[in-house]
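Trainee: Let me give you the structure first, and then I'll get to my questions.
Numbering (the numbering used here), first residue to last: 23 to 126.
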């Protein structure tokens, strides 16, 4: 599955953690994996586990390439936004879409 945008959490739940939060994304699993490295030489998978509340995931470990069945795998691309910037971008897109729909 390819994600175009994710929201990086400001004011994290724990000082030294990496957390991401999915908004309006239909995923109900407890964990997922993200391949890391460049496309010619992958080095492993980042494993994220759900914490605290639905849609909030924390990086839990880096697993090797021979890790058995790292699924589901998400491919992250695009831009990483802070929560506030993501909300602002979403509002701008919605306003634009509404304006376009009003054109004759």
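The beta carbon of each residue, even a glycine, is placed where N, CA and C say it ideally should be. Computed from a prediction, not measured in an experiment: that's the story for all the values here.
1. Please state the DSSP three-state secondary structure of residue 82.
2. On the DSSP letters alone, give me the boundaries of the beta strand (DSSP E) that residue 42 sits inside.
3. May I ask which residues mark the beginning and end of the beta strand (DSSP E) holding residue 72?
4. On the premise that residue 81 lies in contact with residue 70, defined as a C-beta separation below 8 Å, what is that separation, rounded to the nearest angstrom?
5. Per DSSP, what are the beta-bridge partners of residue 55 in this structure?
Mentor: In short, the structure shows the following:
1. Within the chain shown, residue 82 is the residue found at index 60, counting from 1. Reduced to three states, the DSSP call for residue 82 is strand.
2. Indexing the chain shown from 1 puts residue 42 at position 20. Looking at the DSSP string, the run of the beta strand (DSSP E) that includes residue 42 is 41-43.
3. Taking the first residue of the chain shown as 1, we reach residue 72 at position 50. Looking at the DSSP string, the run of the beta strand (DSSP E) that includes residue 72 is 63-72.
4. Looking up residue 70 in the chain shown gives position 48. Looking up residue 81 in the chain shown gives position 59. Right, the Cβ-Cβ distance comes to about 6 Å (below 8 Å), so this counts as a contact.
5. Along the chain shown, read from residue 1 onward, the residue named residue 55 stands at position 33. Residue 55 is bridged to 69, 95.
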